[in-house]
Amino acid sequence: MPPPPMGWSSWNSLGEGVNHDVVKAEADGLAALNARIASGHRYEYVNIDEGWWRSGQRDASGNFIVDATQWPGGMQAIAQYIHSKGLKAGIYIDAGPRGCGKRADGTHFVGSDPAHYDHDFLQFAQWGFDFVKVDFCGGAANGYDPEKTYRSIAQSISRAYSKTGHRLTFSLCDWGTIPTDKSFPDYNEGPWTWAAGVGTMWRTTRDITPDFDSVVYNLAGNYHPEGQHTGYYNDPDMMVAGMRMSAVHDQAHISLWAISGAPMILGNDLAKPLSPDTARLLTNPEVLAIDQDALGLQGLLVAQSGRLQVSAKLLTGTGQRAVVLFNNSAKAAPMTVTWDSLGLVPSSQATVRDVWARKDLGRFTTSYTAPGVPAGGVIMLTISGTDPSPVMWQPGALAGGAVSVRCPTCASGNKITGLGTVNFSGTSLGARGGFIEIGYANDSTRTVFAQLTMNGQRPAMLAFPPTGSDASMGAITVYVPFRAGPNALSLSNADASTPAPDIGYVATVSGPVPLSQSEAIARRAEN
Ligand code: GLA
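No gaps in the numbering here: position 519 of the sequence shown is 519 in my numbering, and each next residue is one more.
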């Protein structure tokens, strides 16, 4: 499954001022930035946001009116240019019949609408675009239900793929909600509860602005770790690094996006020369690798004291964690991360590396203390330690047509096919943190789905990409908060018509322990 999309978008620095030459210069800038990344992951998408069309209606054939002065050669020409630089091209539209932006006469740009979805997304694919962000200004104004709307658009995107062989990476933008703001259209039903498998990424908060308060606000509103797993990402918005914050704040912003496993869509003007600080901060391969880690998980908040926060992310490989020590106070402070909070064996030795300084700091047991985390800044670490052993969950009752069949390639020698529902029981003792690994097979060529219900809570939709054949097992790792003592988990098909994977096993894997859980455990230990 693809890691969080990396690239650049026009909105933060250009607003509606996009045209062929300007976007071409930005694509050149992104290619030049990539050339400065020594190894590993590189920026990929050049996304054109609002402003590419400015008409209030469609032409006589129902197409968006593309201004030939703004886009000589049409939208195909800019997509082609972006491709010629080895990059991918993104475009933008609204889910409802009017865009967010307004014309000089006060009327809005025309948007898309259910009657035009097939037509519009086919057009974007035919023009050669690889990515589409779908905003919700017209959707909200017309009272559309976000989930139904975006599911319907996902189907149009699939149909466009069937016709053209060109798949659009789908970015949802209904801004989600934040716990205290009831004015958002899907308050309490944010896309993190339903959008995995509908699209690749979904906005979780209001628009970011290039100031640190906005960065911190969006980060907090984006905290939905149970909604994110490989291929499906919470999106705290396009980045504002290199715009007008200090280098210390820029570094914190990039680190916090990376520990979140957030899409890294830059927003600064890449057509202008970058300061040495900006160039350095945007091209650190170790920081990018943390963002792009194949498990695709979001980091968890594992400790907090006032304005000092420790976040940690489970990475691929045994005993691997990334950590951000974030000091959002007004003076430099020492900060500590404990192995216990990372779900590592506390008495084991672990290697600590400073990824911004790009140097190993040594081997430590129990914890590591950074002597001085700068005010408003971070220290970002990787920690390689020892995981406790995984704990297998025992399959119990099968229902709805699910059957257990022999499977020599599965850990338990059996797998469950024909979901239905399978119930598992397990306990969190011995492995903490709420991470489970699901071994599965999907011999189709498409992603299939299952719903996970944990302790009777609201089900989460999980997506299972193809594994190639019936005999080869894949695995996804997801975060589902455990409760103390026995836990009950079930996996079910989404509905009778949605294909589900065969399930090989469910195991608890160790990972960072979220703050509230570790606090509860500490309190139990005190009693
Ligand atoms: C909304 C989105 C932004 C941007 C603007 C364009 O506000 O949230 O990201 O696309 O629209 O008008």
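Cβ coordinates follow ideal geometry from the N, Cα and C atoms, glycine included.
(request) Would you tell me roughly how many angstroms separate the C-alpha atoms of W257 and A241, rounded to the nearest one? (result) Here the question's residue 257 lines up with position 257 in the sequence shown. Here the question's residue 241 lines up with position 241 in the sequence shown. C-alpha separation (whole angstroms): 11 Å.
(message) Given a cut-off of 8 Å on the beta-carbon distance, is the pair I436 and V506 in contact?
(response) Walking along the sequence shown from the start, residue 436 turns up at place 436. Walking along the sequence shown from the start, residue 506 turns up at place 506. It is a contact, given that the beta carbons lie within the stated cut-off.
(request) Could you tell me if N527 is buried or exposed, where buried requires 16 or more neighbouring beta carbons within 10 angstroms of its beta carbon? (result) On the sequence shown, residue 527 is found 527 positions in, with the first residue counted as 1. Its pLDDT being 43, under 50, N527 is placed unreliably by the model, and the measurement read from it follows with that caveat. With fewer than 16 other CB atoms across the displayed protein chains lying within 10 angstroms of its CB, N527 is exposed.
(message) Using a 10 Å radius around the Cβ and a threshold of 16 neighbouring Cβ atoms, would you call P408 buried or exposed?
(response) Mapped onto the sequence shown, residue 408 falls at position 408. P408 comes out exposed.
(request) Determine, using beta carbons only, whether M335 and A312 come nearer to each other than 8 Å. (result) Here residue 335 refers to the residue found at position 335 when the sequence shown is read from its first residue. Here residue 312 refers to the residue found at position 312 when the sequence shown is read from its first residue. Taking 8 Å as the cut-off, the beta carbon of M335 is found no closer than this to the beta carbon of A312.
(message) In this structure, how does DSSP classify R524 when only helix, strand and coil are distinguished?
(response) Position 524 of the sequence shown, counted from the start, is the residue given in the question as residue 524. Residue confidence for R524 is low, a pLDDT of 49 falling below 50, so the modelled location carries little weight and cannot support an answer.
(request) Grab the span of the alpha helix (DSSP H) containing P442 for me, first residue to last. (result) As a position in the sequence shown, residue 442 is number 442, starting the count at 1. The sequence as given places Asn at residue 442; Pro does not occur at that position. That residue, N442, is in no alpha helix (DSSP H); it is neither H nor E in DSSP.
(request) Tell me whether D135 counts as near the ligand GLA, meaning its Cβ is closer than 7 Å to at least one heavy atom of that ligand. (result) For the purposes of this step, residue 135 is taken as the residue at position 135 of the sequence shown. Because some heavy atom of the ligand GLA lies under 7 Å away, the Cβ of D135 counts as near it: yes.
(message) Using DSSP's beta-bridge definition, name the partner residues of H229.
(response) Counting from one through the sequence shown, the residue named residue 229 turns up at place 229. In DSSP, H229 forms a bridge with Y232.
(message) Buried or exposed, going by whether 16 or more other CB atoms sit within 10 Å of the CB of S405?
(response) Counted from its first residue, the sequence shown places residue 405 at position 405. It should be pointed out that residue 405 corresponds to Val in this sequence rather than to Ser. With fewer than 16 other Cβ atoms within 10 Å, it is exposed.
(request) For W192, name the three-state secondary structure that DSSP assigns. (result) Position 192 of the sequence shown holds residue 192. Helix, per DSSP.
(message) Just to confirm the assignment, what range does the beta strand (DSSP E) spanning T365 have?
(response) Residue mapping note: residue 365 aligns to position 365 of the sequence shown, counting from 1. Where T365 is concerned, the enclosing beta strand (DSSP E) stretches over 359–365.
(message) Here's a check: name, in chain order, each residue in its chain whose Cβ is nearer than 6 Å to the Cβ of G221, leaving out the five neighbours to either side.
(response) Sequence index remark: in the sequence shown, residue 221 carries index 221 (1-based). Excluding sequence neighbours, G221 sits near I178, T204, T205.
(request) Confirm, please, whether the CB-CB distance from L489 to R503 is below 8 Å. (result) On the sequence shown, position 503 is the one that residue 503 refers to. On the sequence shown, position 489 is the one that residue 489 refers to. The sequence given here places Ile at residue 503; Arg does not occur at that position. For the pair I503 and L489, the CB atoms are not nearer than the 8 Å cut-off.
(request) Take P501 as the anchor and find which of V509, T193, G420 has the nearest alpha-carbon. (result) One-based indexing of the sequence shown puts residue 501 at position 501. Comparing C-alpha distances from P501 to each of V509, T193, G420 shows the shortest one belongs to G420.
(request) Determine which residues share a DSSP beta bridge with I383 and list them. (result) Numbered from 1 along the sequence shown, position 383 holds the residue referred to as residue 383. Beta-bridge pairing links I383 to R321, V352.
(message) Which residue wins for smallest C-alpha separation from A330, given the options L361, G377, A322, S348?
(response) Here residue 330 is taken as the residue at index 330 of the sequence shown, counted from 1. Cα-wise, what sits closest to A330 is G377.
(message) G51 and G15 - do their beta-carbons sit closer together than 8 Å?
(response) Numbered from its first residue, the sequence shown carries residue 15 at position 15. Numbered from its first residue, the sequence shown carries residue 51 at position 51. Yes, Cβ-Cβ distance for G15 and G51 is below 8 Å.
(message) Please state whether the Cβ-Cβ distance between T528 and T338 is less than 8 Å.
(response) No answer is possible for residue 528: the residues shown for the chain start at 1 and end at 527.
(request) Mind checking which residues open and close the beta strand (DSSP E) that includes C407? (result) As a first step, residue 407 must be located in the sequence shown, where it is residue number 407. Here C407 belongs to no beta strand (DSSP E), and DSSP marks it neither H nor E.
(message) Short of 7 Å in beta carbon distance, which residues of its chain neighbour T169, apart from the five on each side in sequence? Order them along the chain.
(response) Counting from 1 along the sequence shown, the entry for residue 169 is found at position 169. Cβ within range, chain order: P5, D130, F131, T200.
(request) Between the Cα of A27 and those of S61, Q80, A68, spot the shortest distance and give me the residue it belongs to. (result) If you number the sequence shown from 1, residue 27 lands on position 27. For A27, the nearest C-alpha among the options comes from Q80.
(message) Let me check one thing: in DSSP terms, what residues is S490 bridge-paired to?
(response) Counted from its first residue, the sequence shown places residue 490 at position 490. Looking at the DSSP assignment, S490 forms a beta bridge with N423, T453.
(message) Under 7 Å: does the beta carbon of W175 sit that close to some heavy atom of the ligand MG?
(response) With respect to the ligand MG, the structure offers nothing, as its ligand set consists of the ligand GLA.
(request) Could you tell me the distance, in whole angstroms, from the CA atom of P514 to the CA atom of P285? (result) Here residue 514 is taken as the residue at index 514 of the sequence shown, counted from 1. Here residue 285 is taken as the residue at index 285 of the sequence shown, counted from 1. Looking at the backbone, the Cα of P514 and that of P285 are separated by about 27 Å.
(message) Judging by CA-CA distance, which residue of D293, I254, G426 is the nearest neighbour of T283?
(response) By one-based count along the sequence shown, residue 283 stands at place 283. Checking every option, the nearest Cα to that of T283 belongs to I254.
(request) Put N529 into one of helix, strand or coil per three-state DSSP. (result) In this structure the chain extends from 1 to 527, so residue 529 is not present and cannot be described.
(request) Determine the direct distance from the alpha carbon of E189 to that of T149, and round the result to whole angstroms. (result) In the sequence shown, residue 149 corresponds to position 149, counting from 1. In the sequence shown, residue 189 corresponds to position 189, counting from 1. Spanning the two alpha carbons is a distance of roughly 14 Å.
(message) Does Q76 come out as helix, strand or coil in the three-state DSSP assignment?
(response) Position 76 of the sequence shown, counted from the start, is the residue given in the question as residue 76. In this structure, Q76 counts as helix in the three-state DSSP scheme.
(request) Figure out for me which residue from T447, S510, W393, A496 has the closest Cα to the Cα of M454. (result) On the sequence shown, position 454 is the one that residue 454 refers to. When only C-alpha atoms are compared, the closest one is W393.
(request) Let me know if S469 comes out buried or exposed under the rule of 16 or more other beta-carbons within 10 Å of its beta-carbon. (result) Sequence index remark: in the sequence shown, residue 469 carries index 469 (1-based). Burial call: exposed.
(message) Measuring alpha carbon to alpha carbon, tell me which residue in W356, N327, A332, G231 is nearest Q298.
(response) The residue labelled residue 298 in the question sits at position 298 within the sequence shown. With distances taken between Cα atoms, Q298 lies closest to G231.
(request) Report the option in T498, V22, L315, M461 whose CA atom is closest to the CA atom of S444. (result) Along the sequence shown, read from residue 1 onward, the residue named residue 444 stands at position 444. Taking only the C-alpha atoms, the option nearest S444 is T498.
(request) Hey, could you find the ends of the beta strand (DSSP E) F464 is sitting in? (result) Along the sequence shown, one-based indexing puts residue 464 at 464. Its beta strand (DSSP E) spans residues 460–464.
(message) I'd like to know if the region 135–142 and the region 85–100 are in contact, where contact means that at least 3 CB-CB pairs between them fall below 8 Å.
(response) yes
(message) Taking 7 Å as the cut-off, is the beta-carbon of W8 closer than that to any non-hydrogen atom of the ligand GLA?
(response) By one-based count along the sequence shown, residue 8 stands at place 8. The answer is no for W8.
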